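These protein sequence lines map, in sequence, to chains A and B. Here the first sequence is numbered in this note's numbering, starting from 545 and rising by one per residue. Here the second sequence is numbered in this note's numbering, starting from 918 and rising by one per residue. The next block holds one structure in the form of structure tokens; read it before the comments.
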Amino acid sequence: MTATELTLQATRMPAVVAATSPTVQAVPLKMRARDLTVGYSGKVAIQDVSIDVNQNVVLALIGPSGCGKSTFLRSLNRMNDTVPGVSVSGHVELDGEPIYGPEVDPVLVRRRVGMVFQRSNPFPKSIFENVAYGLRIAGVRDRAVLAERVERALRHAALWDEVKDRLQESGLRLSGGQQQRLCIARALAVEPEVLLMDEPASALDPIATAKIEDLIAHLRSELTIVIVTHNMQQAARVSQRTGFFYMGRLVEVGDTTTIFTRPKERETEDYITGRFG
Amino acid sequence: MASQTTTRIRITRERSSRSLRRQGGLGERFIELAIRAVALVSIASILLILLFVGKEALPLITSGEVHREVTLGSMFAPIQTANDMAYVWQPVSETPKYNVLPLIVGSLKVTLVALVFAVPLSVGAAVYVSEYAGPRAREIVKPAIELLAGIPSVVVGFFALIVLASWVQKVFTTEHRLNSLVAGLGLSFAICPIVFSVSEDALRAVPRSYREAALAMGSTRAQTVLKVVLPAAAPGIAAAIVLGFGRAIGETMIVVIASGNAALLDFSLDRSARTITATIAQELGEVVVGSPHYSVLFALGAMLFLATFVVNFFGERIVHGMRRRLGTVS
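This is the structure:
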């Protein structure tokens, strides 16, 4: 980040952040959405969502199935563009730059905003090639550089010790939890600034889930994470901020402890206490 | 919270449905038997065809009378002609010459030409239909290509003879109007639909999650296709090529019409070729039953049969090996 960018952010930040949360004031803004509305073939999936994503903070998005939290997540890296019949209006910024501008290449957005999916989806390639994929398409050829970056990403994803002796094996041979960490390593290899996680542990057993959650806690120091989860305990464990979606609207967003102990909205409270969901 | 909506669900089931004893076995067993019989009939007919062809070719090995004209070994050895030793197929000359190498080379040459044209075209079309085309374009392009399979091969042959031959002669200025290039081009029409169809299925079978992962990594569409989708579909595309090979080497009518039918041991593309299939088709009708020539033709048929069998067998193994390397099967 350049010096001018920093000053820009510093001057803009207080007004925006102070409005939404008192405790994360000092944290710079990474992404923000304003009045974001997304529809599929005319059917509205999310409406007028405005939210700030602070740097090095884990933001959890919770809400019942079909509430639009995944749709919102996928609009942060323009993955919704790949769905036929999608329409997006509103405003999303990454470091103050609009990502839906007419001159913006979604491919470049996705290189900075990585994503991990609900069901682990390693490529049918070797473990090494899975992690090296993003580097290769970005034009990295040097074998030493590739090897070094792959190792670093696998270490980051807490998978290195388990796979270092079988990097040439197919990624599909790993267990479910390992596959998901491989996908995280693959996303980390290109050093994204933001990592979007769409229920990354929902298909995993408790031990594998705990590993992913540990990982999130560690990764937070280096990047910004937005995680969609069905599991409220998970949201409480891994995030600093939480947003509650219901029927396509963002009902409430705030510090995770506040949301789980003193929510402002009745709907949030009902959901958190298990009255519906 | 749960207590307010406790309703009793009364389970009323008929006694018989709770029994663990096998029921209504007869109809079930009959259907199973019928299905098995159908499967066996198809296997049996293949075996019977092979047996019949083998039986008619057998005198080539056993009969002394046939051996005076031709043996299994002499089919592949050069033959003394007026000037020198040569590989010639002249079964109806005064001293019949049965060297099959020109026919094998002819078949392979024409098949190879057909594959060289058809595979990139068909795989490219499959990539377009499965990765790029919108729903409307797909609905037009896909049936149109598959409709090619419905054109009788005699019509394709006719087209090759009249249109393609003139065109090839004009573009490549070949001396002979009918040659391996023309026959191979015509043949590629016949194998395009099958290579396209099977490749397209293979591409469509690539899970959407792979494409999503690739796009989320910041791949362009082309990178997604080239680096993720095509490699994942490679085993299926290889299977498509094997099927195309089988179809091409067995195709008869197009090559009879468009290849020129001169049995030359020659590797150039601008001269006439005579394939194994065309030879059998043209000569079997005229041949004396039980003669050496007759046996040789059946031996050719058996060779063709074996060739497709071997190619399919190794093709299957290669495809399986590729799938294992991808990790999609263990």
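All residues carry an ideal CB built from backbone N, CA and C; glycine is no exception. Just so you know, these numbers come straight off a predicted model, no measurement behind them.
Contacts with chain A at 8 Å (Cβ-Cβ) do not include Glu986 (chain B). Within the stretch 1111-1138 of chain B, the residues whose Cβ lies closer than 7 Å to any Cβ of chain A are, in chain order, Ser1126, Tyr1127, Glu1129, Ala1130, Leu1132, Ala1133, Met1134, Gly1135, Ser1136 and Thr1137. Along the stretch 767-783 of chain A, none of the residues has a CB nearer than 8 Å to a CB of chain B. Annotated three-state conformation of Leu580 (chain A) is strand, per DSSP. Of the residues B:Glu949, B:Val1036, B:Glu945 and B:Ala1054, the one whose Cα lies closest to the Cα of Val1115 (chain B) is B:Val1036. Boundaries around Ser633 (chain A) are those of the beta strand (DSSP E), Val630 to Leu638, since no alpha helix (DSSP H) includes it. Per the coordinates, the alpha-carbon of Gly944 (chain B) lies some 23 Å from the alpha-carbon of Ser959 (chain B). The distance from the Cβ of Ala1003 (chain B) to that of Pro995 (chain B) is about 6 Å, consistent with a contact at the 8 Å cut-off. The stretch 1184-1204 of chain B and the stretch 948-958 of chain B do not touch, with fewer than 3 CB-CB distances between them shorter than 8 Å. Secondary structure at Phe788 (chain A): strand, using DSSP grouped into helix, strand and coil.
Chain B has a Cβ within less than 8 Å of the Cβ of Leu652 (chain A). Between Val636 (chain A) and Pro642 (chain A), the CB-CB gap stays under 8 Å. For Met659 (chain A), the enclosing beta strand (DSSP E) stretches over residues Val657 to Val660. Contact with chain B is found for Arg730 (chain A), since one of that chain's Cβ atoms lies less than 8 Å from the residue's Cβ. Beyond the five residues adjoining it in sequence on each side, Thr1169 (chain B) comes within less than 7 Å, by CB distance, of Thr1194, Ala1195 and Ala1198 in the same chain, given in chain order.
At a cut-off of 8 Å between C-beta atoms, Val734 (chain A) counts as an interface residue with respect to chain B. Around Thr1091 (chain B), the same chain offers Asp1187 as residues with beta carbons nearer than 6 Å, after the five sequence neighbours per side are excluded. Around the beta carbon of Lys708 (chain A), fewer than 16 other beta carbons lie within 10 angstroms, which makes this residue exposed.
Per DSSP, reduced to three states, the secondary structure at Gln997 (chain B) is strand. The stretch 688-706 of chain A makes no contact with the stretch 770-779 of chain A, as fewer than three CB pairs between them are under 8 Å. Assigned with DSSP and collapsed to three states, Glu706 (chain A) falls in helix.
Counting only runs of at least 4 residues, the stretch 1175-1220 of chain B fully encloses the following alpha helix (DSSP H) elements, listed from N- to C-terminal order: 1193-1200. Taking a beta-carbon distance threshold of 8 Å, Gly942 (chain B) does not count as an interface residue toward chain A. Residue pairing by DSSP puts Arg793 (chain A) in a beta bridge opposite A:Tyr790. Within the stretch 683-744 of chain A, the runs of alpha helix (DSSP H) at least 4 residues long that lie entirely inside it are, in chain order, 687-700, 704-707 and 720-733. Counting other Cβ atoms within 10 Å of its Cβ, Glu982 (chain B) stays below 16 and is therefore classed as exposed. The shortest C-alpha to C-alpha distance from Ala1042 (chain B) to any of B:Ile1057, B:Gly1023 and B:Pro1209 is the one to B:Ile1057. Beta-bridge annotation (DSSP): Ile595 (chain A) is paired with A:Ala577. Taking all protein chains in view, the Cβ of Val1099 (chain B) is crowded by 16 or more other Cβ atoms within 10 Å, so the residue is classified as buried. Contact check for Val675 (chain A) and Ala754 (chain A): beta-carbon distance about 23 Å, past the 8 Å limit, so the pair fails to qualify. Of all residues in the stretch 704-724 of chain A, only Glu713, Ser714, Gly715, Leu716 and Arg717 place a beta-carbon less than 8 Å from a beta-carbon of chain B.
In the three-state scheme derived from DSSP, where H, G and I count as helix and E and B as strand, Ser670 (chain A) is classed as strand.
Cβ-Cβ separation between Gly1161 (chain B) and Val1112 (chain B): approximately 4 Å, consistent with a contact (criterion under 8 Å). Per the C-alpha coordinates, the member of B:Ala1219, B:Ala1216, B:Gly1074 and B:Lys1087 positioned closest to Leu1102 (chain B) is B:Gly1074.
Taking CB atoms only, Gly629 (chain A) has no neighbour in chain B less than 8 Å away. For Gly678 (chain A), the closest Cβ of chain B is nearer than 8 Å.
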